[in-house]
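**Student:**
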Amino acid sequence: MHPSLVVEVKLAEWTSKGELRQPVYLGLRSDKLAKDVVREKKWPRK
Numbered sequence: 012m013h014p015s016l017v018v019e020v021k022l023a024e025w026t027s028k029g030e031l032r033q034p035v036y037l038g039l040r041s042d043k044l045a046k047d048v049v050r051e052k053k054w055p056r057k
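The numbering of the sequence shown is this note's numbering, which starts it at 12 and goes up by one.
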């Protein structure tokens, strides 16, 4: 089975195990296909 829905999630950070820390569901995304989604790269902390 492959993912078919894309959602937007706000998070504090990724853990060292690759899990989301403090994720918050923001809603479904209809402008992207699941096959086109990739994990974001790390952003420098401000």
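Here a beta-carbon is modelled for each residue, glycine too, at the ideal position from N, C-alpha and C.
Measure the alpha-carbon distance for Leu37 versus Val20 and round it to whole angstroms.
**Tutor:** If you take the alpha carbons of Leu37 and Val20, they lie about 5 Å apart.
**Student:** Helix, strand or coil for Lys28? Go by DSSP, reduced to three states.
**Tutor:** Lys28: coil per DSSP, three-state reduction.
**Student:** Between the Cα of Val35 and those of Ser41, Asp42, Lys28, Glu24, spot the shortest distance and give me the residue it belongs to.
**Tutor:** Out of Ser41, Asp42, Lys28, Glu24, Glu24 has the C-alpha closest to the C-alpha of Val35.
**Student:** As a quick exercise: from Leu22, Lys43, Lys52, Val17, pick the residue whose alpha carbon is nearest that of Gln33.
**Tutor:** Here the closest residue by C-alpha is Leu22.
**Student:** Can you tell me which residues form a DSSP beta bridge with Leu39?
**Tutor:** Leu39 pairs with Val18.
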